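A.B. asks: Here it is, the structure, as structure tokens.
Number of protein chains: 2
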Amino acid sequence: MLSAGDMRRFCDRIEHRRMRKNREHLHRAGAALGALYVINSGFVKTIISDGNGHEQMTGFSMPGDLIGLDAIATGKHQCSTIALEDSSLCGMAFADLEQLNREDQTLQRHFHQTLGMEITRDHGMMLLLGAMRAEERVAMFLLNLSRRFALRGLSETRFRMPMTRQEIGNYLGLTLETVSRAFSRLAGERLITIDNREVEIRNMEGLQQLLQSRG
Amino acid sequence: MLSAGDMRRFCDRIEHRRMRKNREHLHRAGAALGALYVINSGFVKTIISDGNGHEQMTGFSMPGDLIGLDAIATGKHQCSTIALEDSSLCGMAFADLEQLNREDQTLQRHFHQTLGMEITRDHGMMLLLGAMRAEERVAMFLLNLSRRFALRGLSETRFRMPMTRQEIGNYLGLTLETVSRAFSRLAGERLITIDNREVEIRNMEGLQQLLQSRG
DNA sequence: CGCGATTTTGACGGCACTCAAGCGCCGTGG
DNA sequence: CCACGGCGCTTGAGTGCCGTCAAAATCGCG
Chain D
426 MLSAGDMRRF CDRIEHRRMR KNREHLHRAG AALGALYVIN SGFVKTIISD GNGHEQMTGF
486 SMPGDLIGLD AIATGKHQCS TIALEDSSLC GMAFADLEQL NREDQTLQRH FHQTLGMEIT
546 RDHGMMLLLG AMRAEERVAM FLLNLSRRFA LRGLSETRFR MPMTRQEIGN YLGLTLETVS
606 RAFSRLAGER LITIDNREVE IRNMEGLQQL LQSRG
Chain W
426 MLSAGDMRRF CDRIEHRRMR KNREHLHRAG AALGALYVIN SGFVKTIISD GNGHEQMTGF
486 SMPGDLIGLD AIATGKHQCS TIALEDSSLC GMAFADLEQL NREDQTLQRH FHQTLGMEIT
546 RDHGMMLLLG AMRAEERVAM FLLNLSRRFA LRGLSETRFR MPMTRQEIGN YLGLTLETVS
606 RAFSRLAGER LITIDNREVE IRNMEGLQQL LQSRG
């Protein structure tokens, strides 16, 4: 998540875009010079395709998140980014951003930190996907969402998940049925209440303790 | 992997280190300013610990690889790096590297590309851990090693794996027994021959076709 | 209101984990 | 030199978690 100051600097040379639900953007065969985008409103998902039909969610992004980092390696996007809701975002050509980085040490530092956090986040996902069981994965997913909503001044105990069970399952390496069962189990243990996509965390400590054993 | 030119620039202000097998370095509670390291010789593994006993391998690194990227986000290492063999590496304080980046546009670009490749690699691991079955994971592991050896001018069909089955399994989200069984199965299908840690890929196409269905 | 998409729940099976035994290699010490 | 023990690897048997298949309920939207 970028700070307000970074956002302002970043948006000096911006290109605005609107994305509508389920409309694809930032294709793998994207513009020869990749661009980075900050989300202004709405949720988006980022997926990587293996070219054989299977797609893996690599992340859900919310307002303030920076997306398109996957394009840095080659200048072309490896992932597709798709809106979960009507969304708006602003982008900047990567070359411009590198120029700004050379001029502004603070921005450079923050940009590197953002890249580093993405790497750290991905390593956490590897831990999750490699070592956790279904219920633990879902608990971590909820706690992650909760923390990110809290960072944005929203409720950390009640929120709406804009993605489908299918998308959650893909992200967590589970089937949609297993995700649904895990939600039901957590609700049965009085840790959460869940009504379709509306979640309330009723026992934050209990949810966190689920992860104590593994991660 | 860094180019020879980058290596030279990078090593202008270096700090040399030697690591002995199974001796830990770059602890989580590392120096307040993180440092990045390039491997000169030997293999190392990088692991992330969840604080509850479980450890997840995040990568195996070989000569030329840049490690310590996880420290960028916070200035402290999130991971531990441990030598699989006697190894040597050279490091540079991250602050120095940022200074060089501002002075040298090419270095900056390559540094960003390295970060981006790490992110891309991690996304590939998420795909592997989230969607592949045991045999596919092991096949991808072998092909990945093969490609990286080839990049360094070594044989892509015969090589030695310096890590244990346990470490491979941890990396791939499998148990050591499952890894062993997968190797045996691949050998039974005449795709590889394997003698302890010595591998020979006898049917590269067949191995790759294993992944066609999923990734 | 009606239809498709999404979600929940159940039954069943398979793949990978757990537990266990045995083998080979190697370093150590008698 | 050889016995011994530890470690890593392989293989087998049984179990359990989660994927698959299926059906019903509910939601969202025109």
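Residue numbers (my numbering), protein chains in the order written: chain D, 426 to 640; chain W, 426 to 640. For every residue, glycine included, the Cβ atom is placed at its ideal position computed from N, Cα and C. A quick note: this is a predicted structure, and the numbers were derived from the prediction, not measured.
1. Between the beta-carbon of methionine 551 (chain D) and the beta-carbon of threonine 483 (chain W), is there less than 7 Å?
2. Using DSSP with H/G/I as helix, E/B as strand and the rest coil, what is leucine 579 (chain W)?
3. Would you check if there are 3 or more beta carbon pairs closer than 8 Å linking the segment 569–585 of chain D to the segment 523–538 of chain W?
4. Would isoleucine 495 (chain W) pass as an interface residue toward chain D - the criterion being a Cβ-Cβ separation below 7 Å?
5. For a quick check, are the C-beta atoms of arginine 445 (chain D) and aspartate 521 (chain D) less than 7 Å apart?
6. By DSSP, does methionine 444 (chain D) sit in helix, in strand, or in coil?
7. Go through its chain and collect everything with a Cβ distance to glutamate 440 (chain W)'s Cβ below 6 Å, but skip five positions before and after it.
8. Just to confirm before moving on: does the CB-CB distance between leucine 635 (chain D) and alanine 564 (chain D) stay below 7 Å?
9. From the DSSP output, in three-state form, read off alanine 460 (chain D) for me.
10. Distance check for glycine 555 (chain D) and glutamine 481 (chain W), CA to CA, integer angstroms please.
11. Assuming threonine 506 (chain W) is part of the beta strand (DSSP E), what are its boundary residues?
12. Answer yes or no: do arginine 585 (chain W) and glutamate 623 (chain W) have a C-beta to C-beta separation smaller than 7 Å?
13. Flag this pair as yes or no: are the beta carbons of leucine 514 (chain W) and asparagine 465 (chain W) separated by less than 7 Å?
14. Alanine 556 (chain W) CB to nearest chain D CB: under 7 Å?
15. Contact between the segment 586–594 of chain W and the segment 590–606 of chain D: three or more CB pairs below 8 Å?
16. Cβ closer than 9 Å: which chain D residues qualify as neighbours of arginine 527 (chain W)?
17. For the segment 490–541 of chain W, list the beta strand (DSSP E) runs that are entirely contained and at least 3 residues long, ordered along the chain.
18. Could you confirm whether any beta carbon from chain W is found closer than 7 Å to the beta carbon of glutamate 440 (chain D)?
19. Mind pulling the chain D residues with CB within less than 9 Å of methionine 542 (chain W)?
20. Tell me whether the beta-carbon of cysteine 504 (chain W) lies closer than 7 Å to the beta-carbon of threonine 545 (chain W).
21. Following the continuous beta strand (DSSP E) through isoleucine 472 (chain D), name the residue where it begins and the one where it ends.
22. Which one of W:Gly489, W:Tyr462 and W:Thr531 has the shortest CA to CA distance from histidine 502 (chain W)?
23. Quick one: grab the DSSP three-state call for isoleucine 439 (chain W).
24. Report the three-state DSSP secondary structure of glycine 484 (chain D) (helix, strand or coil).
25. Along the alpha helix (DSSP H) that carries glutamate 592 (chain D), what are the first and last residues, could you check?
26. Per the DSSP calculation, isoleucine 544 (chain W) is bridged to which residue(s)?
27. When the distance is taken between beta carbons, is glutamate 625 (chain W) closer than 7 Å to arginine 583 (chain W)?
28. Looking at the secondary structure, which residues open and close the beta strand (DSSP E) in which threonine 603 (chain D) lies?
29. Show which residues of chain W have a CB atom less than 7 Å away from the CB atom of leucine 552 (chain D).
C.D. replies: Concretely, from the data shown:
1. Here residue 551 (chain D) refers to the residue found at position 126 of the first sequence. Here residue 483 (chain W) refers to the residue found at position 58 of the second sequence. It is a contact, given that the beta carbons lie within the stated cut-off.
2. Walking along the second sequence from the start, residue 579 (chain W) turns up at place 154. It is coil, neither helix nor strand.
3. At 8 Å Cβ cutoff, the stretches do not touch.
4. Translated into positions along the second sequence, residue 495 (chain W) becomes position 70. According to the sequence shown, residue 495 (chain W) is aspartate rather than isoleucine. It does; some Cβ of chain D falls within 7 Å.
5. The residue you call residue 445 (chain D) lines up with position 20 of the first sequence. The residue you call residue 521 (chain D) lines up with position 96 of the first sequence. No; because the gap between Cβ atoms is not below 7 Å, this pair is not in contact.
6. Here residue 444 (chain D) refers to the residue found at position 19 of the first sequence. Reduced to three states, the DSSP call for methionine 444 (chain D) is strand.
7. In the second sequence, counting from the first residue as 1, residue 440 (chain W) sits at position 15. Correct list, in chain order: Gly516.
8. Position 210 of the first sequence, counting from 1, holds the residue named residue 635 (chain D). Position 139 of the first sequence, counting from 1, holds the residue named residue 564 (chain D). Taking 7 Å as the Cβ cut-off, leucine 635 (chain D) and alanine 564 (chain D) qualify as a contacting pair.
9. By one-based count along the first sequence, residue 460 (chain D) stands at place 35. Strand at alanine 460 (chain D).
10. Your numbering for residue 481 (chain W) matches position 56 in the second sequence. Your numbering for residue 555 (chain D) matches position 130 in the first sequence. Between glutamine 481 (chain W) and glycine 555 (chain D), the C-alpha separation is close to 7 Å.
11. As a working note, residue 506 (chain W) is residue 81 in the second sequence. Element bounds for threonine 506 (chain W): 504–508.
12. Counting from one through the second sequence, the residue named residue 585 (chain W) turns up at place 160. Counting from one through the second sequence, the residue named residue 623 (chain W) turns up at place 198. In contact: arginine 585 (chain W) and glutamate 623 (chain W) (Cβ atoms closer than 7 Å).
13. In the second sequence, the residue the question calls residue 514 (chain W) occupies position 89. In the second sequence, the residue the question calls residue 465 (chain W) occupies position 40. Taking 7 Å as the Cβ cut-off, leucine 514 (chain W) and asparagine 465 (chain W) qualify as a contacting pair.
14. In the second sequence, counting from the first residue as 1, residue 556 (chain W) sits at position 131. With 7 Å as the cut-off, alanine 556 (chain W) counts as an interface residue toward chain D.
15. no
16. As a first step, residue 527 (chain W) must be located in the second sequence, where it is residue number 102. Here the neighbours are Asn526, Arg527, Glu528, Gln530 and Gln533.
17. Runs found: 504–508 and 512–518.
18. Reading the first sequence from its first residue, position 15 is the one you call residue 440 (chain D). Not closer than 7 Å to any Cβ of chain W, the Cβ of glutamate 440 (chain D) fails to qualify, so no.
19. Position 117 of the second sequence, counted from the start, is the residue given in the question as residue 542 (chain W). Chain D residues near methionine 542 (chain W): Ile497, Ala498 and Thr499.
20. By one-based count along the second sequence, residue 504 (chain W) stands at place 79. By one-based count along the second sequence, residue 545 (chain W) stands at place 120. Cβ atoms of cysteine 504 (chain W) and threonine 545 (chain W): not closer than 7 Å.
21. Against the first sequence, residue 472 (chain D) aligns to sequence position 47. From DSSP, the beta strand (DSSP E) with isoleucine 472 (chain D) extends over 469–474.
22. Taking the first residue of the second sequence as 1, we reach residue 502 (chain W) at position 77. Checking every option, the nearest Cα to that of histidine 502 (chain W) belongs to W:Tyr462.
23. Position 14 of the second sequence, counted from the start, is the residue given in the question as residue 439 (chain W). Residue state, collapsed to three classes: coil.
24. Reading the first sequence from its first residue, position 59 is the one you call residue 484 (chain D). Of the three classes helix, strand and coil, the one that applies to glycine 484 (chain D) here is strand, per DSSP.
25. For the purposes of this step, residue 592 (chain D) is taken as the residue at position 167 of the first sequence. Glutamate 592 (chain D) -> alpha helix (DSSP H) spans 590–597.
26. Counted from its first residue, the second sequence places residue 544 (chain W) at position 119. BP columns for isoleucine 544 (chain W) are empty, so no partner.
27. As a first step, residue 583 (chain W) must be located in the second sequence, where it is residue number 158. As a first step, residue 625 (chain W) must be located in the second sequence, where it is residue number 200. Taking 7 Å as the Cβ cut-off, arginine 583 (chain W) and glutamate 625 (chain W) qualify as a contacting pair.
28. Taking the first residue of the first sequence as 1, we reach residue 603 (chain D) at position 178. Unbroken run through threonine 603 (chain D) is the alpha helix (DSSP H), 601–613; no beta strand (DSSP E).
29. Taking the first sequence and counting its residues from 1, the one referred to as residue 552 (chain D) is at position 127. Per Cβ cutoff of 7 Å: Ile473, Asp475 and Gln481.
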